[in-house]
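Below you'll find the structure, written out as structure tokens, and then a few comments.
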Amino acid sequence: PCRAYMSVKELKEALQLNSTHFLNVYFASSVREELAGAATWPWDKEALSHLGGVVLNPSYYGMRGHTNTMIHEVGHVLGLYHVFKGVSERESCDDPCRETIPSMETGDLCADTAPTPKSKLCRDPDPTNDTCGQKYFTGTPFNNYMSYTDDDCTNTFTPNQVARMHCYLDLVYQRWGQSKKPAPIPIPPMVTGQTQGSLSIYWLPPISGVIHEREPDTLCEDCAEDGTFHQYVHEASSPRVCDSSGYWTPEEAEGRPPDVDQPCEPSLQAWSPELHLYHMNMTVPCPQPDGCILELHFLHPVYPDSLTLWTTYLSTDSPKALSDIEVLTEHGESIHLGPLDTFCDVPLTVKLNIHKKVYGVKIYTFDERMEIDTALLTSMPHSSLCSACKLIKYRVLRDPPFANGSPATMAQAHRKFTDTEVTPGQVYRYQVQAVSGTTLGEASPPLIHVHGAPYCGDGKVTTSLEEECDDGDLLDGDGCSRMCKKEKGFNCVGEPSLCYVHDGDGVCEPFEKASSVLDCGLYTPEGYIDQWAAKAYSSHHDKTSCPVSLVTGEPVVKVCKSHLHDVPKDLPLAAWFPCTSSQGNAQDPDGERMPLDNDRVWLKVCFHRPGAPTSVLVFLASDGTIPSDQRKPTVTVQLSDINGLNHSLGTYELSCQQNPLIINATHNQEYFSHRIASVLLNFSSPHVGIAAVALRTSAHSSSSDPTTCLLEHEEGHGHQTYSCAHRTCAEPGSCTQPVLAHTSALNCTASGPRDMECVVACEKGFVLHSSNGKSLGSMQKEVVLTCSSGQWDRSVTCEPVDCGLPDQLHVYYAEFSCPKGTTYLKRCSFSCIRPAKLQGMSQWLTCLEDGLWSLPEAYCKLECDAPPTVANAKLLVPRCLQGNHDVGSICRYKCKPGYHVAENAVGKPKKKFLKIQCLESGLWEEGHCVPVVCEPPPPVFEGMYNCTQGFELDSQCILNCEPQSERVPILCTKEGLWTEEFKLCENLQGNCPPPPELNFVEYKCEQGHGIGALCIPSCVIPPSDPVTLPENVTAETMDHRLQPARVQHIVCTGRLRWYPDPSIIHCIQSCEPFQADGWCDTINNRAYCQYDGGDCCSSTLSSRKVIPFAADCDQDECTCRDPAAEENQ
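Residue numbering for the sequence shown follows full-length UniProt numbering, starting at 1 and increasing by one per position.
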């Protein structure tokens, strides 16, 4: 409760230094003493607020090895990443930002910094294994300020880095510069129209987006050209208790711009009602009847045009995720917009037809995991807030000059210009300059145009200009880019071009027959035959939970997921995912499939008609990526011919980005002389999922003989002992009508004794279930069974619908009991989890024919009983003594004299009034009134006083002075102050002896050795810190769990002794400044260094993989030592 420290955020909140006009640099000693500095990215919401800037640790500033720390951190402020981003800083080997060659699109986004792992060496790094297969790195930027190299050799930024920093100065930090010079226009002007005697051009505003003259103390930066005023959230609050993790607070919804990196993925940069009270897998639901509420206020009330809301994550697919938006007007009125649909990948914009000034909104939702990044309120045009703003102007430069001899036009406010002094066939060069007052900006890059020539945007596709489309406009994102190129996923037709998304629209168009598996299925080139696997065998399969026969025939699904936890629950019913027979019934209640250990998984498939192969096609349902494994999953392919001989095709990487995987077999001419009958696939990952396998053969070499290579299964042997035997595809036999229970229809037709077809449908409350062969979708009401040559293609049963175990979504705060199961017409009862109480009579749910539970006729309501007695306080609201308090109810108390409210705030006035709230857990918020405590006397008085009750209220402290007449009692008052100041006894004289230099500690005593003098300790052997250790403990015997206090100075007390005693001061190794960077720095793997910020424990790493950095790990330095980590519980 009584902290001696504050967070960086609290420091900035207290100082309130705005970053709009200045770069603020804070010097603050960090609890994480190994932290040298921290910075705010330019794209963070906090960049221009009082929470922006750079924080530097004064313990390192200017010290050898850290002289360039400020330069490094300012680089981050101006948008520079570490040079090792994309190599050492990446999510996985599949990370799209992984850098293998210098690039403007991966790694640190600078093409003149070569890829490099993190290194402290003033040379190229040593070969390393943990860089996704790339071991050697040469020409690395080890002398770059954005590396982690020692400062002895960091001395440069590259031209790309310099350009990137200048870009962010123009984009974000324009007001740091005192100049009124407008930012440049970043791209050349564009032609928008052309006639025999005129040419019209158009240009973008300056790169900064600032279109008004810079005037101090105006709001013009937030005004559009039409006087529309845009403002983001100024203040956010919510009545819902924040999660104990400290994330997802309402403050995350404040500021600008939206800063969630990846929409539709959970983030920590947004507000969420997320609240874990019991365990991390259960989130407390939003309360009835209103749900969870987020209230957003804007700084300036305006007449509104629209509200834009960024809901960046939704945990449910149900419509109307926003149950209501309440608009708050300046005069206290509320206007409810009602339920609204919202999506995580696109902001929601609502037009507000409200003719009153609006200052805020309330957002209501029942999605307890929804995340809201921020909101934008846009005013009607011609807002009074923009009335004083002056638009910057532009002038057009032309070569050759205009008819009057001038190379430039008069300045104008519009961003378009029509030149009427043009001659067909003449070459013209146009540039544009922004003008602010009398100050000119830099000229834009030039547009060079021959008058009369075609141009991008004229609505005609000109192949000589390499145009792929031309829709007559210069917009990106509509299918035809402003460079007249087709955008990814679009097809464009006609003039002007009409563009549409083609892949995955369900229509197979001629141009995508060979490219779109989603729309057209597998494309078979002329002269080839594709045949699907007829039989399949595997190392890991079970007839019930993962029948290997799912890979036979054409693929039912064409979706592929990289990670097993992303696989839809019905996908394992349509594709083969390896499992073992012992797992057949080992499914958890949520239907999650138990993963295999890292066993070798193999699959062998046989084909009806052997032939000379040209390629093997493998359709993936999952590529088997393991999040904790940096290596890409692979498959090794082996062909078997009709003579039983094997032929290797090599090893290939698996990726959902290349699905199906097409393995070329024509690179070895010897295969053309063999007729291949089966394919063996060996997978490196047990998490792979296979939907189908096809063999492509030459039409001229394929056999028309219906004999095939079927695998003879020998139990108990590995795949190496499997042999091919030539038999017909089906044994002779006759077809008999199947016998099935719970069918509503079973209609069979036979065309002979060995051929039959049956249509099967199940009765109400039962669904089709495939026990062998291709699985059935949950919406499939009937199935056709085919018997050919005496063999059925699959077997099905009608099984009762399973509603699954009810959960909190059915009845909040309840637990369920289903002794007879959860299938059709079975019943489950529920009881309320304390302290929730039952409201209603019937506690039963029934599983209905549609697989849903019946609606409950009772519910569990969370209430708080009477609040507990608060010691040393008086209750101010008598009705609180009654029970049945709704969630959110508040009870107020007043602390007794000599007591105050227990709070963590340091340096703030002590509060006398306490309020506690009924929480959603059904418990009251904790609150205490604690005794007033006075500050301890300064260290110079150590051992010179006696106090009756320590430093608590009414305690009397007496200094041991001679004569006794000087021994005046000093009292601790109820204000937390002493009645008088502690003063040294008048007759005290003398000096402390020089502090002994023990334990490799030396002292600098610039104030001498008199009473009250301070000496500063330092360690003889750097880098080390002087700390106090318990008696009989040394730096060598110190346990890693010990957290010693660092000694800043010692003082000579009135008893002529040094405090702390130099005999207990020792030197221990300093912490490295690389904490919480994803690498386990073994020097930091101790409590004194916060166990390297969690980098040495898999449970505290997002990647779940510990990577030791420059360590041999001979002892236990690389093990997870943190006692608070999951591994050590």
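Idealized CB from N, CA, C, for every residue including glycine.
- Across the set P1030, Q989, V1027 and P1023, the C-alpha of Q989 shows the shortest separation from the C-alpha of G1012.
- Residues of the same chain with a CB within less than 7 angstroms of the CB of C344, apart from the 5 flanking positions on each side, are P263, C264, T311, T312, Y313 and L314 in chain order.
- By the neighbour-count criterion, in which a residue is buried when 16 or more other Cβ atoms sit within 10 angstroms of its Cβ, H674 is buried.
- For D341, the closest C-alpha among the options E333, I335, S334 and V350 is that of V350.
- Taking N682 as the centre and dropping the five residues before and after it, the same chain places the C-beta of W602 and T636 closer than 6 angstroms to its C-beta, in chain order.
- As summarised for the segment 269 to 350, there are no continuous alpha helix (DSSP H) elements at least 4 residues long confined to that stretch.
- Put simply, the backbone Cα of L440 is about 33 angstroms away from that of A39.
- Using a Cβ-Cβ distance cut-off of 8 angstroms, the segment 102 to 122 and the segment 146 to 165 are in contact, since at least three pairs of beta carbons, one from each stretch, lie closer than that value.
- I1083 sits in a helix when the DSSP states are folded into three classes.
- Taking the Cα of H300 as reference, the smallest distance to any Cα among E225, E333 and S383 is reached at S383.
- Listed as beta-bridge partners of V688 by DSSP are D623.
- Inter-segment contact for the segment 604 to 615 and the segment 686 to 697 is present: three or more beta-carbon pairs are separated by less than 8 angstroms.
- Under the 8 angstroms Cβ criterion, the segment 975 to 984 does not count as touching the segment 1016 to 1030, having fewer than three qualifying pairs.
- From the listed residues V1033, C957 and S1063, the smallest Cα separation to E997 is found for S1063.
- For I676, the enclosing beta strand (DSSP E) begins and ends at I676 to F683.
- With a threshold of 16 other beta carbon atoms within 10 Å, R395 meets it and is buried.
- If you draw a straight line from the Cα of C992 to the Cα of N1032, it is about 25 angstroms long.
- Between the alpha carbons of M380 and N353 lies a gap of roughly 10 angstroms.
- The C-alpha of P897 lies about 23 angstroms from the C-alpha of P937.
- Straight through space, the alpha carbons of G1094 and T1100 are spaced by roughly 5 angstroms.
- By the criterion of a C-beta distance shorter than 8 angstroms, G425 is surrounded in its chain by V450, H451 and G452, once the five residues flanking it on both sides are discounted.
- Under DSSP, Q791 forms a beta bridge with S788.
- Residue pairing from DSSP places Q917 in a beta bridge opposite I890.
- Shortest Cα-Cα distance from L121 to any of T149, A1045, T666 and T140 involves T149.
- With a cutoff of 8 angstroms on beta-carbon distance, C656 and K561 are scored as near each other.
- Beyond the five residues adjoining it in sequence on each side, T1053 comes within less than 6 angstroms, by CB distance, of V940, E942 and Y1059 in the same chain, given in chain order.
- Taking C-beta atoms as the reference points, Y859 and Q839 count as a pair closer than 8 angstroms.
- The shortest C-alpha to C-alpha distance from I958 to any of S965, C947 and F951 is the one to C947.
- Secondary structure note for R429: its beta strand (DSSP E) is the uninterrupted segment V427 to S436.
- Note: S648 is bridge-paired with Q638 in the DSSP secondary-structure output.
- Spanning the alpha carbons of K181 and P102 requires a straight line of approximately 34 angstroms.
- The Cβ atoms of A691 and V801 lie no closer than 8 angstroms to each other.
- Across the set R1057, T423, I392 and N144, the C-alpha of I392 shows the shortest separation from the C-alpha of R415.
- For the segment 172 to 196, the continuous beta strand (DSSP E) assignments of 3+ residues that do not extend past its boundaries occur at 190 to 194, in sequence order.
- In this structure, W203 lies near S444, with their beta-carbon atoms less than 8 angstroms apart.
- For Q433, the closest of T409, T420 and P1073 by C-alpha to C-alpha distance is T409.
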